[in-house]
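Here the structure comes first, spelled out in structure tokens, and everything after it is commentary.
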Amino acid sequence: MINKKIGVLLLFVLLVSFGAKAQRATSMRINEVLVINDDNFVDDYGKRHAWIELFNSSAGTVNIAGCYLTDDKNNPRKYPIPKGDVLTQIAPHQHTLFWADGEPDRGTFHVNFTLDPSKENYIALYDADGKTLIDEITVPAAQRPDVSYGRVIDGQEEWAQLTKVTPSTNNLTLDSNEKIENFKKNDSLGIGMTITAMAVVFLGLLLLYVIFKQVGKAAIAASKRNAQKAGAPATSAPDEVSGEVFAAIATALYEMSDDNHDIEHTVLTIRKVRRAYSPWSSKIYSLRETPRK
Numbered sequence: 034m035i036n037k038k039i040g041v042l043l044l045f046v047l048l049v050s051f052g053a054k055a056q057r058a059t060s061m062r063i064n065e066v067l068v069i070n071d072d073n074f075v076d077d078y079g080k081r082h083a084w085i086e087l088f089n090s091s092a093g094t095v096n097i098a099g100c101y102l103t104d105d106k107n108n109p110r111k112y113p114i115p116k117g118d119v120l121t122q123i124a125p126h127q128h129t130l131f132w133a134d135g136e137p138d139r140g141t142f143h144v145n146f147t148l149d150p151s152k153e154n155y156i157a158l159y160d161a162d163g164k165t166l167i168d169e170i171t172v173p174a175a176q177r178p179d180v181s182y183g184r185v186i187d188g189q190e191e192w193a194q195l196t197k198v199t200p201s202t203n204n205l206t207l208d209s210n211e212k213i214e215n216f217k218k219n220d221s222l223g224i225g226m227t228i229t230a231m232a233v234v235f236l237g238l239l240l241l242y243v244i245f246k247q248v249g250k251a252a253i254a255a256s257k258r259n260a261q262k263a264g265a266p267a268t269s270a271p272d273e274v275s276g277e278v279f280a281a282i283a284t285a286l287y288e289m290s291d292d293n294h295d296i297e298h299t300v301l302t303i304r305k306v307r308r309a310y311s312p313w314s315s316k317i318y319s320l321r322e323t324p325r326k
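Residue numbers (our numbering): 34 to 326.
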């Protein structure tokens, strides 16, 4: 009993520690950076500025309040992300955007530094202790206007110039489906798709038939076993036909064939019957008593 309680307690501690780990900001990643914003996304004031996108790579919600963003390796606590803002809670595999406009008074997501288009830009994200580096990236110099620098796939290691800028959404978006395009190319009339669909349906029906047949046999066998255990007389299988049934069928067939060859029932026979009886000689027409004289 004691060992069981200890096991449950250890499991509870493990789950709590796993949940706490899933909520830590260490799963956040710098995902995309736009240095020159000439004709791109605007902030909540309708202004165009450089921006930094963060991505939550974990399966749990992460609160980045209290963490730090910086563009200076010697000052990891340059911009403390304010606490108390519900928008700092980032849902699993979701993004959030920070504006590098140097105007932190405009809100939580406006940092106190800007990005310089003429040189490399170092950007780092530190944990709430101000010492633990979560992620960092150096954006190359000579960035093109409205072309971002980001991860090819969200949260992955490979970085590239992204001509299709994707603030607050996935860096890799699929404009077409490769399988559908192959079908259009190799099966423009849809014959192959039709045959495949019909084959799947028929195979499914066949599988259901086999399953139900086997289940039926198993049920019949179980019923027989239960009947034998209960001492009931064994009955014939549903597929077996008794001799009485064959005899009845044979008799019916014989009667039917006999009727087909019997033509006498269709002949009307009239036979004259000679009768010696006459009503004039019957006693019912005579007097019952002789009249008295």
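Glycine is no exception: its CB is placed at the ideal position from the N, C-alpha and C atoms.
In the DSSP assignment, L239 falls within the alpha helix (DSSP H) that extends over 224-263. Going by beta carbons, F146 and G135 fall inside the 8 Å limit. Non-local beta-carbon contacts of D71 in its own chain, meaning distances under 6 Å to residues more than five positions away in sequence, involve P178, D179 in chain order.
Under the three-state reduction of DSSP, V66 is assigned to strand. Taking D149 as reference, the option from T171, A161, T165, F142 with the minimal CA-CA separation is T171. Sorting D160, A133, Y182 by C-alpha distance to the C-alpha of R57 places D160 at the top. Cβ contact annotation for V66 (same chain, cutoff 8 Å, sequence separation greater than five): A83, W84, I85, E86, L148, N154, I156, I170, V172, S181, Y182, G183, in chain order. Measuring C-alpha to C-alpha distances from I186 to each of I114, Q176, N203 identifies N203 as the nearest. With respect to the C-alpha of T94, the residue from D118, C100, A124, A285 having the closest C-alpha is A124. C100 and M226 have their C-alpha atoms spaced approximately 53 Å apart. Taking C-beta atoms under 8 Å as the contact rule, Q122 and N96 qualify, at a distance of about 5 Å.
Taking the Cα positions, G249 is about 15 Å away from N259. The three-state reading of DSSP puts D134 in strand, counting E and B together. Exclusion of the five residues before and after V278 leaves no residue of its chain whose Cβ lies closer than 6 Å to its Cβ.
D105 has its alpha-carbon roughly 24 Å from the corresponding atom of Q189.
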